[in-house]
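Under numbering that gives the first Met the number 0, residues 0 to 683 are what the sequence shown spells out, in order.
We put the CB at the ideal spot given by N, CA and C, even for glycine.
Take a look at the structure below.
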Amino acid sequence: MNKKMSLYLSTSLLAFALASHSYAQDADLFELAPIFVDGKLISEPWYKSGTSFEVLDEDTLQKRPAQETVHDVLEKAANVSALEATAKAPTIRGIDGTGPAEGANAFFAGSRARLGLTIDGRPAGYNEIVFGNQSLWDVEKVEILKGPQSTLSGRNAIAGTVAITTNAPVFENEGKVEVSGGNHDQKRISGMYNMAVSDNLAFRFAADISESQSTVQYTPFEGADNPGHRSTRMFRGEMLSNLDIADGATLRIIAEHNSHYGPNAERVNRPYEARMSQFPQQPRHEVSTNSLGADFDVDLNASVRFELDASITDFRFDRTAVPNSSNAWIDTQEVSIDPRLRFFGAGGIEALVGLHYYHADQDEFIEFVEDQNFSDTTETTAIYGEIKLPLAADFELSLGARYEQERHKRSGGDADGSIAEVNTNRTFEAFLPRLGLNWQPVDGQSYGFHVSKGYNAGGGGIAIGAPNPFPIVHYEYDTETAANFEVYGRQELLGGDLQLTQNLFFTKYKNMQLPFDLTPGDTLDELFVVRNADEVISYGAEFSAAYQMSDAFGLYGGIGLLKTEIKRFPGSGVEGNELFNAPKATATLGANWSNHGWSLNVAARYTSSYYTGINNRARGKTASSVVADASVSYDFDKVRFFAEVKNLFDNQDAIAIYPGATASADSAVLRQPRALRIGLSRSF
Numbered sequence: 000m001n002k003k004m005s006l007y008l009s010t011s012l013l014a015f016a017l018a019s020h021s022y023a024q025d026a027d028l029f030e031l032a033p034i035f036v037d038g039k040l041i042s043e044p045w046y047k048s049g050t051s052f053e054v055l056d057e058d059t060l061q062k063r064p065a066q067e068t069v070h071d072v073l074e075k076a077a078n079v080s081a082l083e084a085t086a087k088a089p090t091i092r093g094i095d096g097t098g099p100a101e102g103a104n105a106f107f108a109g110s111r112a113r114l115g116l117t118i119d120g121r122p123a124g125y126n127e128i129v130f131g132n133q134s135l136w137d138v139e140k141v142e143i144l145k146g147p148q149s150t151l152s153g154r155n156a157i158a159g160t161v162a163i164t165t166n167a168p169v170f171e172n173e174g175k176v177e178v179s180g181g182n183h184d185q186k187r188i189s190g191m192y193n194m195a196v197s198d199n200l201a202f203r204f205a206a207d208i209s210e211s212q213s214t215v216q217y218t219p220f221e222g223a224d225n226p227g228h229r230s231t232r233m234f235r236g237e238m239l240s241n242l243d244i245a246d247g248a249t250l251r252i253i254a255e256h257n258s259h260y261g262p263n264a265e266r267v268n269r270p271y272e273a274r275m276s277q278f279p280q281q282p283r284h285e286v287s288t289n290s291l292g293a294d295f296d297v298d299l300n301a302s303v304r305f306e307l308d309a310s311i312t313d314f315r316f317d318r319t320a321v322p323n324s325s326n327a328w329i330d331t332q333e334v335s336i337d338p339r340l341r342f343f344g345a346g347g348i349e350a351l352v353g354l355h356y357y358h359a360d361q362d363e364f365i366e367f368v369e370d371q372n373f374s375d376t377t378e379t380t381a382i383y384g385e386i387k388l389p390l391a392a393d394f395e396l397s398l399g400a401r402y403e404q405e406r407h408k409r410s411g412g413d414a415d416g417s418i419a420e421v422n423t424n425r426t427f428e429a430f431l432p433r434l435g436l437n438w439q440p441v442d443g444q445s446y447g448f449h450v451s452k453g454y455n456a457g458g459g460g461i462a463i464g465a466p467n468p469f470p471i472v473h474y475e476y477d478t479e480t481a482a483n484f485e486v487y488g489r490q491e492l493l494g495g496d497l498q499l500t501q502n503l504f505f506t507k508y509k510n511m512q513l514p515f516d517l518t519p520g521d522t523l524d525e526l527f528v529v530r531n532a533d534e535v536i537s538y539g540a541e542f543s544a545a546y547q548m549s550d551a552f553g554l555y556g557g558i559g560l561l562k563t564e565i566k567r568f569p570g571s572g573v574e575g576n577e578l579f580n581a582p583k584a585t586a587t588l589g590a591n592w593s594n595h596g597w598s599l600n601v602a603a604r605y606t607s608s609y610y611t612g613i614n615n616r617a618r619g620k621t622a623s624s625v626v627a628d629a630s631v632s633y634d635f636d637k638v639r640f641f642a643e644v645k646n647l648f649d650n651q652d653a654i655a656i657y658p659g660a661t662a663s664a665d666s667a668v669l670r671q672p673r674a675l676r677i678g679l680s681r682s683f
């Protein structure tokens, strides 16, 4: 066993031993609020959930500085790497949430993310995950579930899942308005109004509009007079009705619009401090989502509950580039339906069985030498279930499984196929079991393990040859799978003031879809294809702690330790390498204080160095860094004044480095500079 793994295990066992000790406290208690992990098939209190999670409810989000978007939350999570302005999805435990294909490869051959994102149960698509940035205004909670979640979500969740739950209407009238602004042309206005029509019918409306300006220097072009301008808009309307048709019958309708636009990426040339774009006429990307969702629940009897989640989505992606260069658009219509039966038995038995149906039709256009048009259809069906069985007073067995089938058709290219022609029709099937055991020796403490299988369907890509690049060659790669093993501990100590979590994990990936460099000696041609690596491993640990020392003061923190290795990938030249964007250590430490209307919140995040590319080039390795955020506010009556600073010490290190032919030709994406925002809110 290598020394680093020994250190991981030694540290982990020490934490388990210390946390297992029982404490008592006779002084006044300031108990932390209870946390439930609802993003799983069966909702669980935090101390019984074996999945490594981070759950932030609305109150917690307000107590932590600079938490306005889902990206803000992810970049502070242990063993998560969320690199802003890189046109990539977050990486969890070393697994790139973007998926194996990105850029032109993803556009021509069809894109598939590895990270699941749901908003009130609606699954987000690839471009929404990669290029959007979901607002957290008027949100009930955000849940990050780490590691393969394929039994839960099926497709596109082999890295993990992020579940966002918005605030449902309540049966009273209330509202809130907030305005703020800051440097980098920051402007934000947000509002919420809840209206109770009767004891059984309520409506809720929320809006959030924000703008800012990139500090990277671009050159305007026709169609984009300010390529660095960023804008996000969210409008949401909800209805909640308690129906008289049966006990516990409720219907929730959610209509939402989300849009975000800004530069495709913020990659700069040397000297980095000048922040001159590597591609001055940077294309602008805009994503727009209009969705309508329904959530219907009804008690069939005292032991059985029927639930139905359904959504329809119209998605639009527009790429605005210099005329006649690489302009593109994607138009997608999605339908998702999940009927479920939930059972509650004697002795604490709980079970769930459900069906899943997903259908997406997608039309695409891109300028690439000639006009290219594509048609894409994905249809997924699944049956899934989970049961929790108390075995004795202290033990609970959890069994889950999912069988999923996905059919994917894609065709298109230019009119005569002289440049590109894609024609694929494939079906993928997977059986995804999960087994877990929880032991609760005393109240407030539990330990256990779980084993699960992860899956991501196969896909395709394009290869541009040399010296004759056309026609483009279309190729396919196979399904990737993961075997995930975890042990965990949960403790609630000091009368509820202290909450601790620990997870140790080992994940073995088979046929992992990875970039394969066809010309490893040339750092400039970007001539990569996607192939299946025989074996890749990822292992490490995650620890978290939250301590409410008094009514006024609280501390929290988290540590992530990670080791990744490409074990077998014949002919690639990267065997023994680490996965990219996979720091070996991440840590967060924060504190919040409040007294007589004043609140102060501070947080710092440490990230160790990591490689930007699969080839692990020395010049493509970032430096370790520390970033801090802070906020202060004053509340009186129903008015709140606040100020916050993101990147307090103005750390502008490179978060992604792309080696050129020489060091002077390197390019990079830098951390966003210090941003100050002040504002006020009024509740009524």
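Classify R618 as helix, strand or coil using the three-state DSSP reduction. Reduced to three states, the DSSP call for R618 is helix.
Could you have a look at A23 and say whether DSSP puts it in helix, strand or coil? Here the model assigns A23 a pLDDT of 35, short of 50, so the residue's position is not dependable, and the following value carries that caveat. DSSP, reduced to helix, strand and coil, places A23 outside both helices and strands of the structure shown, so it counts as coil.
For the candidate residues M511, Y546, M233 and Y538, whose alpha-carbon lies nearest to that of R530? Checked all of M511, Y546, M233 and Y538; the closest Cα to R530 is M511.
Looking only at its own chain, which residues have a Cβ that is under 6 Å from the Cβ of A544, when we skip the five neighbours before and after it? Result list for A544: L499 and G556, in chain order.
Does S630 pass the burial test, meaning 16 or more other C-beta atoms within 10 Å, or should it be called exposed? By the 10 Å Cβ count, S630 comes out buried.
Can you round the beta-carbon distance between G619 and T611 to whole angstroms, since I take them to be within the 8 Å contact cut? Correct: roughly 4 Å between the Cβ atoms.
When DSSP labels each residue in this structure, what does W136 get in the three-state scheme? Looking at W136 - three-state DSSP - the assignment turns out to be coil, as it is neither helix nor strand.
Quick one: what does DSSP say S543 is sitting in, helix, strand or coil? Residue state, collapsed to three classes: strand.
CB contact flag (A662, L82, <8 Å): Not closer than 8 Å, so no.
For S11, I'd like the list of residues in its chain whose CB is within less than 7 Å of its CB, leaving aside the five on either flank, ordered along the chain. Confidence in S11 is poor, its pLDDT being 41 and thus under 50, which makes the residue's placement too unreliable to answer from.
Using the C-alpha atoms, what's the distance from R203 back to N252? Looking at the sequence itself, residue 252 is Ile, so the reference to Asn does not match. Each residue's CA atom was taken as its position, placing I252 and R203 some 10 Å apart.
Boundaries of the beta strand (DSSP E) in which L513 is found, first to last residue: Unbroken beta strand (DSSP E) run through L513: L497 to D516.
What does DSSP give as the partner residues of K452 in its beta bridges? Beta-bridge pairing links K452 to A482.
Using a Cβ-Cβ cut-off of 6 Å (strictly less than) and excluding sequence neighbours within five positions of L354, which residues of its own chain qualify? These residues qualify, in order along the chain: P338 and I382.
For G181, which residues of its own chain have a beta-carbon under 7 Å away from its beta-carbon, when the five flanking residues on both sides are left out? Only A674, L675, R676 and I677 meet the Cβ criterion.
Please list the terminal residues of the continuous beta strand (DSSP E) segment that includes H284. For H284, the uninterrupted beta strand (DSSP E) run begins and ends at R283 to D298, by DSSP.
DSSP bridge partner residues for H228 (one or two, in chain order): When DSSP reads this structure, H228 sits in a beta bridge with Q212.
Give the DSSP-derived three-state secondary structure of E403 in the structure shown. Correct three-state label for E403: strand.
For the beta strand (DSSP E) containing I386, list its first residue and its last residue. E369 to P389 is the extent of the beta strand (DSSP E) around I386.
Following the continuous beta strand (DSSP E) through H473, name the residue where it begins and the one where it ends. For H473, the uninterrupted beta strand (DSSP E) segment begins and ends at V472 to Y476.
Where does H70 sit, in a helix, a strand or coil, going by DSSP? Helix at H70.
Three CB pairs or more closer than 8 Å across the stretch 371-385 and the stretch 130-144: With the cut-off at 8 Å, the stretch 371-385 and the stretch 130-144 do not touch.
In chain order, each beta strand (DSSP E) run of at least 3 residues that lies wholly inside the stretch 318-365: Segments of the beta strand (DSSP E) lying fully in the stretch 318-365: 327-343.
From S276 to G347, what distance separates their C-alpha atoms? Those two C-alpha atoms are separated by around 59 Å.
Less than 8 Å between the CB atoms is what I'm expecting for R433 and G399, so what's the real figure, rounded? About 4 Å separates the beta carbons of R433 and G399, which is inside the 8 Å limit, making them a contact pair.
Cβ-Cβ separation, R604 to K75 (assumed contact under 8 Å), whole Å: Indeed, because the Cβ distance is near 5 Å, the residues count as touching under 8 Å.
Three-state secondary structure (DSSP) of T59: Reduced to three states, the DSSP call for T59 is helix.
Does the beta-carbon distance from A84 to E265 come in below 8 Å? Less than 8 Å divides the Cβ of A84 from the Cβ of E265.
Under a three-way DSSP split, which group does S608 fall into? Assigned with DSSP and collapsed to three states, S608 falls in coil, not helix or strand.
Please report how far the alpha carbon of F648 lies from the alpha carbon of A627, in whole angstroms. Each residue's Cα considered, the two are about 7 Å apart.
In angstroms with no decimal places, state the Cα-to-Cα distance between S374 and A350. Between the alpha carbons of S374 and A350 lies a gap of roughly 40 Å.
Under three-state DSSP, which class holds G98? Reduced to three states, the DSSP call for G98 is coil.
Would you report the Cα separation of T59 and V528, rounded to the nearest angstrom? Roughly 43 Å separates the two Cα atoms.
Taking T585 as the reference, give the member of S571, V573, K566 and L560 with the closest Cα. When only C-alpha atoms are compared, the closest one is L560.
For L679 and S240, what's the separation of their Cα atoms in angstroms? Annotation: L679 to S240 spans about 33 Å, alpha carbon to alpha carbon.
So, with DSSP's three-state summary, where would you put F641? F641 carries a strand assignment under DSSP once its states are collapsed to helix, strand and coil.
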